[in-house]
Amino acid sequence: MRGAVVVAEKPSVARAIEEALDSIGVEDVLVTSVRGHLLDLDLPLAFRNWKGRDPVEVLDLSLADLRYVVRDRESHRHLLKVFRERAPLVIATDNDHEGELIGAEVLMVYRSVRGDRSRYYRMRFNSLEREELIRAWRNLEPDLNWGWVHKAEFRRAFDLLTGAAFTRFLTLSAERRGFDGLLSWGSCQTPTLYFVVERDLKIENFRPVPFWYLEALLETDSGERFYARTERFWERSEAESAFRRASSAETGMVREFVEEHEAIRRPLPARTDDALRDLVAITGRTARELMEVLERLYAEGYISYPRTDTNRYPEGFSYARSLRAAVNAGIVGTEVLRRSPDPRQGRLDDGAHPPIYPIRPYSGRGLPAAVWEYIARRFVANAYFEDALVARQSAAIEIGGVTFGAHGQLLLKKGFLEVFPYQRVESDPIPKLSRGQLLRVVKLELREGKTSPPPRMSESELLATMEAHGIGTDATRATFPALIVSRGY
């Protein structure tokens, strides 16, 4: 492979590959990089004037009608020079659909210099660990995954054509009505905006409805006290009638008491979407900011590739390496090193990347430290700790012919909660009761309330809603909440 040129997707990845190849004595191989997409798609020149063509005509264009334009001129000039001097090409872009498309763009430039039959290879890796990069170098593939390329290229063309057509239609229509500004449309941006608007309309149109309920403070013979409530009454007269009946009784009788043990499952291995939803709620930062931090941690070798839709570890996965990173960072004690991994596996596998896992301890501070700690704690909680266990309690109590309910919860086993503080389970038990047991009524009150509107949609909830409706991908979803804000919606 002497004389070869390796092209990575980012400069930091190129540096890691270069160091890995140097460590095994690979000579006369140049490692360089682009900075994301090298080329882009654009409409034909005849469609450059918005007012010169009906927006509907844009939708009649096919992929063959579109033209490639250079997106990164500096990288393009650099690669042209390098490809005149070196061959073969080794494509080392990210191992996902978007990375495959960037690799295809690099290949287009390479073959514009070397010819359509010029040979190339594909280098695939899921982290920047030296061992992983050496393994990838020794197992080069002879071709790109053209299914991935075509899928990503179709999405890019679809976004361009629909975005251009509808943005022009909306903007020009609004302009004729006196609006001065851009009204953009996007196949992911617009549904994302719809979810927010839909929630806001529900809040705006909400009308509170009054309700009433009875609340009783009860006491056992041993002096244990707890509260019980009725269901809601939607008519005040019914609530007052129930209050009069219950007020005539000095004791209540337990009609039913149930205590059931329930496992609280430990988190699954971290996918991009799951991690971002949690981290938005934990840190209060935007998904776009957090995605940038995850990518930086990956580029610097602290975590595995962060754009993944997989929540199960592959056979032969090296759990011990990631556990040592967590132990060395003080996440867990050394006693955990004696445990065997027993991960809770999910069902999703995107065929490209494993879940996100820690590689080496992060010693910095601030947001990157918080993000790395979450990834490390989630890994350890999943693979080395058991599920938590709670007792769910419920009681039905009759007071003067009126039924009251009481509910409690007791944490029996902390399990993974010992190491995963982001998920809180509080113990708030009621006394253990038995059927037919009498309870003293300490206090009885008739209370009034009103129904509440739904809360404003948080970014964490918005991300979950987008995923549930298939809006965006794990690689792109994080950008859209911030995008609709930046565009003034």
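Each position in the sequence shown, counted from 1, maps to that position plus 1 in this note's numbering.
Yeah, the Cβ is synthetic: ideal placement off N, Cα and C, and Gly gets one too.
What you are looking at is a predicted structure, and each value in this text was computed from that prediction instead of being measured.
Residue 6 sits close to residue 83, with the two beta carbons spaced by under 7 Å. Looking at the backbone, the Cα of residue 92 and that of residue 136 are separated by about 15 Å. With a 10 Å radius around the Cβ and a threshold of 16 neighbouring Cβ atoms, residue 354 comes out buried.
Nearest neighbour of residue 269 by Cα position, chosen from 301, 312 and 283, turns out to be 312. Per DSSP, the unbroken alpha helix (DSSP H) holding residue 152 starts and ends at 147-177. Apart from the 5 residues on each side of it in sequence, residue 114 sits with its Cβ closer than 7 Å to the Cβ of 81, 84 and 85 in its chain, given in chain order. Segment contact: the segment 325-344 against the segment 380-392, three or more CB-CB distances shorter than 8 Å; contact assigned. Excluding five sequence positions before and after residue 142, the CB atoms of its chain that fall closer than 6 Å to its own CB belong to 123, given in chain order.
Annotation: residue 391 to residue 474 spans about 35 Å, alpha carbon to alpha carbon. Apart from the 5 residues on each side of it in sequence, residue 101 sits with its Cβ closer than 8 Å to the Cβ of 94, 145, 146, 149, 150 and 153 in its chain, given in chain order.
Under the Cβ criterion (8 Å, minimum of three pairs), the segment 222-229 does not count as touching the segment 461-475.
Note: residue 343 is not bridge-paired with any residue in the DSSP secondary-structure output. The shortest CA-to-CA distance from residue 69 to any of 106, 129 and 90 is the one to 106. From the listed residues 199, 343 and 284, the smallest Cα separation to residue 321 is found for 343. Out of 159, 186 and 181, the CA that lies nearest to the CA of residue 170 is found in 186.
The C-beta distance from residue 229 to residue 398 rounds to 5 Å, short enough to meet the 8 Å contact threshold. Under the DSSP assignment, residue 450 falls in the beta strand (DSSP E) whose first and last residues are 439-451. Comparing alpha-carbon positions, the option among 401, 439, 195 and 28 lying closest to residue 254 turns out to be 439. Here the alpha carbons of residue 385 and residue 452 stand approximately 43 Å from one another.
By the neighbour-count criterion, in which a residue is buried when 16 or more other Cβ atoms sit within 10 angstroms of its Cβ, residue 323 is buried.
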